[in-house]
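These notes concern the structure reproduced below.
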Amino acid sequence: MLTTSLDLDKDGVQKGYIDVPVSLDLSAWSNQRVPIYSFKNGQGPSLLLLGGAHGDEFEAPVVLSNLANGGIDAANIHGQVIIVPALNLPAVMNGSRLSPLDGGNMNRAFPGNPRGSATERIADFVSRELISRADVVLDLHSGGRSLRFLPSTIVPMQTTETATGEIRALAAAFDAPLTVILREPQVETMIDTEVERQGKRILATELGGSGTLSQETLLVTRKGIDGVMRHMGLMAGPDNCDTTQCSKTVLVDGFHHYVYADDAGIFEPLAGLGDRVREGDAVGRLHLVDRAETAPVAVKARTTGFLFCTAGQGLVRRGDCISVIGHPVD
Ligand SMILES: [Zn+2]
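Take any residue in the sequence shown, count from 1 to its spot, add 23: that is its number in this note's numbering.
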């Protein structure tokens, strides 16, 4: 089982590591040390901030690094904030979605395995030591190399409406341009399921993508985290969302929301993030540039709503997700 150099029950500011011993070809007794920070001031609400579950999603590592290095005054918080800016550190340092050590996908590795691969052991540590201490988990993702999002919070549908409602309130506090209520198609091994199993609340994000980051998405991220901390009572101050300016909300609850590439080619977008599209509309064209006899193929929306996610890079392959369309929710 993994351990940390921090005493997470202790008040004050602590900076240290989760120690992840791995034995590699080039380093027999290696320790992949994953940075972790704790800011604690007495009893109160507890927030776990996770970034870098996937290594090609860069907003969270930057914003959480800023937060951990001077962005939080422990004396001014009430409760505890635990920050892990680069959870799958080997993947983050490799700029890849999956870990180069074991091919592990951090958000398909939960609840983890104390005897498993590096990725599975980190997931096990998060389940046992971090989720267990948190009231709320903020799992900060972006689109990575292959997807690009309108900056969004993701509300994973819970088994009770009360729980979903509490997470929607967290999303309103984050106040990203869009809130997506999502029934995940592959939820069994995701952190969402473990957090819900432990009776805690999880809000996720998809903040940008294409394997890059921007000043705009960094601002959305930082403002959102501050809003959640105020909403939870960790810090004093008003909510981000007043009655005049709040996040738009959409629902995604089945495969008809997704558009997949039928072939390998270059995707030409015909609709932009945030555009309203109708079922049957062409959201883009696929150029099969290796076939002289084949004209560009229209890629059609399978439902009506707002386009909030698109291909993150020009070249796509058969089966790649190239658009996601959400149904507007009041
Ligand atoms: Zn991700």
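Note that the Cβ used here is the ideal one computed from N, Cα and C, for glycine as well.
Reduced DSSP secondary structure (H/G/I, E/B, other) of residue i
| i | result |
| --- | --- |
| D42 | strand |
| V210 | coil |
| T267 | In this prediction, T267 scores a pLDDT of 49, lower than 50, which makes its location untrustworthy; the coordinate-derived value is nonetheless stated afterwards. Of the three classes helix, strand and coil, the one that applies to T267 here is coil, per DSSP. |
| P351 | strand |
| A114 | helix |
| R340 | coil |
| H279 | helix |
| V203 | strand |
| A321 | strand |
| S346 | strand |
Unbroken beta strand (DSSP E) run spanning residue i, endpoints
| i | result |
| --- | --- |
| I59 | S53 to N64 |
| P354 | Lying before the first or after the last residue shown, residue 354 is absent from the chain, which here runs from 24 to 353. |
| I396 | Only positions 24 to 353 of the chain appear in the structure, and residue 396 is not among them; the question remains open. |
| P179 | S175 to P179 |
| S69 | S69 to L73 |
| V312 | Per DSSP, V312 belongs to no beta strand (DSSP E) and is neither H nor E. |
| L170 | L170 to F172 |
| L330 | G328 to A334 |
Contact check, residue i vs residue j, beta carbons under 8 Å
| i | j | result |
| --- | --- | --- |
| A146 | A132 | yes |
| G342 | G232 | no |
| Y283 | I348 | no |
| A194 | R224 | no |
| R340 | G234 | no |
| A91 | P68 | no |
| P174 | V243 | yes |
| D96 | A196 | no |
| V85 | L236 | yes |
| R144 | V43 | yes |
| R337 | F290 | Residue identity differs from the one stated: residue 337 is Gly in this sequence, not Arg. Yes. |
Straight-line Cα distance separating residue j from residue i
| i | j | result |
| --- | --- | --- |
| G260 | N99 | 11 Å |
| I41 | L31 | 12 Å |
| T267 | V160 | In this predicted model, T267 has a pLDDT of only 49, less than 50, meaning its place in the structure is not dependable enough to derive any value. |
| G328 | P137 | 43 Å |
| F81 | G75 | 7 Å |
| V203 | D48 | 43 Å |
| L398 | L226 | The displayed coordinates of the chain run from 24 to 353. Any statement about residue 398 would go beyond what the structure contains. |
| P113 | T182 | 34 Å |
| M258 | I59 | 21 Å |
| V178 | E316 | 45 Å |
| Q66 | G222 | 19 Å |
| R253 | N111 | 28 Å |
| A294 | D249 | 32 Å |
| E219 | D162 | 13 Å |
| W52 | M129 | 23 Å |
| I214 | G39 | 23 Å |
| L121 | T212 | 15 Å |
| G102 | L241 | 25 Å |
Heavy atom of ligand 1 within 7 Å of residue i beta-carbon
| i | result |
| --- | --- |
| E80 | yes |
| H279 | no |
| H310 | no |
| A76 | yes |
| N117 | no |
| N130 | yes |
| G247 | no |
| G231 | no |
| H101 | no |
| H350 | no |
| H254 | no |
Limits of the alpha helix (DSSP H) - the one that residue i falls within
| i | result |
| --- | --- |
| Q238 | Q238 to M255 |
| I145 | A141 to F148 |
| E229 | Where E229 is concerned, there is no enclosing alpha helix (DSSP H), although the beta strand (DSSP E) it sits in stretches over R224 to E229. |
| L163 | Counting along the chain, L163 falls outside any alpha helix (DSSP H), though it belongs to the beta strand (DSSP E) covering V159 to H164. |
| E82 | E82 to N89 |
Heavy atom of ligand 3 within 7 Å of residue i beta-carbon
| i | result |
| --- | --- |
| G167 | Among the ligands in the structure shown, ligand 3 does not appear; only ligand 1 can be found there. |
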